[in-house]
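2 protein chains.
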Amino acid sequence: MRNCILASTSTVHGQTFLQYLMPQLSEFFKSTKELLFIPFARPSGISYQDYTSIVAKAMAPLDINVKGIHNFTSPSEAIDQAEGIFIGGGNTFVLLKTLHELELLDVIRKAVHKGVPFLGTSAGSNVCGPTICTTNDMPIVYPPSFEALCLIPFQINPHYIDADASSTHMGETRETRLNEYHHYNATPVLCLREGSYIEIKGSNVILRGTLSAPLFRQGNPAIELESGSDLNNI
Amino acid sequence: MRNCILASTSTVHGQTFLQYLMPQLSEFFKSTKELLFIPFARPSGISYQDYTSIVAKAMAPLDINVKGIHNFTSPSEAIDQAEGIFIGGGNTFVLLKTLHELELLDVIRKAVHKGVPFLGTSAGSNVCGPTICTTNDMPIVYPPSFEALCLIPFQINPHYIDADASSTHMGETRETRLNEYHHYNATPVLCLREGSYIEIKGSNVILRGTLSAPLFRQGNPAIELESGSDLNNI
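Just so you know, the sequences run in chain order A and B.
The opening position of the first sequence corresponds to residue 803 in the working numbering, with each subsequent residue numbered one higher.
The opening position of the second sequence corresponds to residue 803 in the working numbering, with each subsequent residue numbered one higher.
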């Protein structure tokens, strides 16, 4: 009985950390008194403790106590015993490398499948697909594999941004990059715009938020899925 | 006696492939009757042959015959015997993975050090640093290592784009990404804006083009280097 929220971002423009998700998180974490936070993605190189403090502050109005996984002697046991898990955003390569090195992928996967509420944002959502091959992040460290949690059978591309037709910049657009991905890989890619998220409840996988989401499939033009769409069998 | 041009891009906005570099390439390849093209980065998934045809068309006015490395039985021998080498842009991960799989890194490095004129653009320049850890590309395939040609002792970040202060997009800026890189790596990063390139002649390494280039060094604020700057000892 999986119970997950996989969000494009922790923060929408002009709001505080997780503010836009608070109504959902209040319900989602209603049985969670203590939340285990995994700060390994270290946005802007922030320390584990400082990152955990930001999450603790955001969760305080929900009466949820937040503990960083770095404060436990055994990260694996911390996950086994967690009442709720949150993997925050930052650099996806740094995050995945640390998860591999600490051998935490299997234990997180098991926790999610036994129903522990799991929240991922940005890089924390990226690692929920089969691989991190559709991250937007810079490969600042080399992970022992690109294989990730595979909580869902499709790839996520968070922070999706539409091409700016007026741009004179010659770097690839996001769409070009995702089409290149499909020259080498068959897995569909769901792109989340800021504020969009995936809700997983048992076998139901639904697109949430106010915006539509582009879906890229190998050999097909991208289509837009409306909020509320069933994401099983995409 | 190294002799290299490492450019941010093959194409500046509104121009044809390599057009902006033609005056330099005319001099640079003046002793090259046949140019060996390495099309492994496959921009937009283009075939090796189609990519090679684009280069052949661009080089025709210089009376240079272009051969794709995929047309040789032994890619390694092709490099050994080349009068000039060009690695084109596309996806840096795809390019580096192929170079590793075909065991071509050493042989290219040796050719460059014996003085064979070498041109890299975009991904083809990215692989000239010690690693590809500062590429902007999507990691659509997993290379056996991020280690690259190391023709220069610093990293290149091509297609550099300054942060847009008016943007409401919450993805990281290029500057944020490069500062994150320096939380884990000590190597300086030279950022090339479109139209900038690095000229290597023997032991001289000079910034060329009309624009300045940001230099990121661990523990220091980024500085702007003017065109013409000496890039030794940055």
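No residue lacks a Cβ here, since even glycine has one placed at the ideal position from N, Cα and C.
In the three-state reduction of the DSSP assignment, residue 962/A falls in the coil class, being assigned neither a helical nor a strand state. Residues of the region 819-832 of chain B with a C-beta atom less than 9 Å from some C-beta of chain A do not occur. In the DSSP annotation of this structure, the continuous segment of the beta strand (DSSP E) that includes residue 991/B starts and ends at 991-993.
Contact with chain B is absent for residue 922/A, since none of that chain's Cβ atoms lies less than 8 Å from the residue's Cβ.
Neighbours of residue 1023/A in chain B, taken as residues whose beta carbon is under 9 Å from its own, are absent, since the nearest beta carbon is some 15 Å off. Around residue 935/B, the beta-carbon contacts reaching into chain A at under 8 Å are 940, 941, 942, 943 and 944. According to the DSSP secondary-structure assignment, residue 1010/B is paired through a beta bridge with 999/B. For a cut-off of 8 Å, the C-beta gap from residue 881/B to residue 909/B is around 5 Å, short enough to register as a contact.
Taking the Cβ atoms as the reference, residue 956/A lies roughly 6 Å from residue 931/A, within the contact range of under 8 Å. Counting only runs of at least 4 residues, the region 901-934 of chain B fully encloses the following alpha helix (DSSP H) elements, listed from N- to C-terminal order: 907-915 and 925-928. Within chain A, no residue has its CB atom less than 9 Å from the CB of residue 900/B, the nearest being about 11 Å off. Residue 817/B and residue 853/B have their C-alpha atoms some 17 Å from each other. Taking a Cβ-Cβ cut-off of 8 Å, the neighbours of residue 981/B in chain A comprise 846 and 847, given in sequence order. With a 10 Å radius around the Cβ and a threshold of 16 neighbouring Cβ atoms, residue 959/A comes out buried. Relative to residue 1017/B, the option among 877/B, 1032/B and 844/B whose CA is nearest is 1032/B.
Residues are counted here when their Cβ sits less than 9 Å from a Cβ of chain A; for the region 1003-1033 of chain B the count is zero. Between residue 864/B and residue 839/B, the C-beta spacing is not below 8 Å. Your pair residue 983/A and residue 940/B checks out as a contact, with CB atoms roughly 6 Å apart and the cut at 8 Å. Looking only at 841/A, 855/A and 860/A, the smallest Cα-Cα distance to residue 901/A is reached by 841/A. Interface criterion not met: the Cβ of residue 989/A is under 8 Å from no Cβ in chain B. At a cut-off of 8 Å between C-beta atoms, residue 842/A does not count as an interface residue with respect to chain B. Under the DSSP assignment, residue 980/A falls in the alpha helix (DSSP H) whose first and last residues are 976-986. For residue 848/A, same chain residues with a beta-carbon under 6 Å away, outside a window of 5 residues either side, do not exist.
Between the alpha carbons of residue 1020/A and residue 1027/B lies a gap of roughly 43 Å. Under the DSSP assignment, residue 829/B falls in the alpha helix (DSSP H) whose first and last residues are 824-830. Residue range 850-861 is occupied by the alpha helix (DSSP H) that includes residue 857/B. Against chain A, the CB of residue 872/B has no partner CB under 8 Å away; the residue lies outside that interface. Taking the Cα positions, residue 1034/A is about 11 Å away from residue 1000/A.
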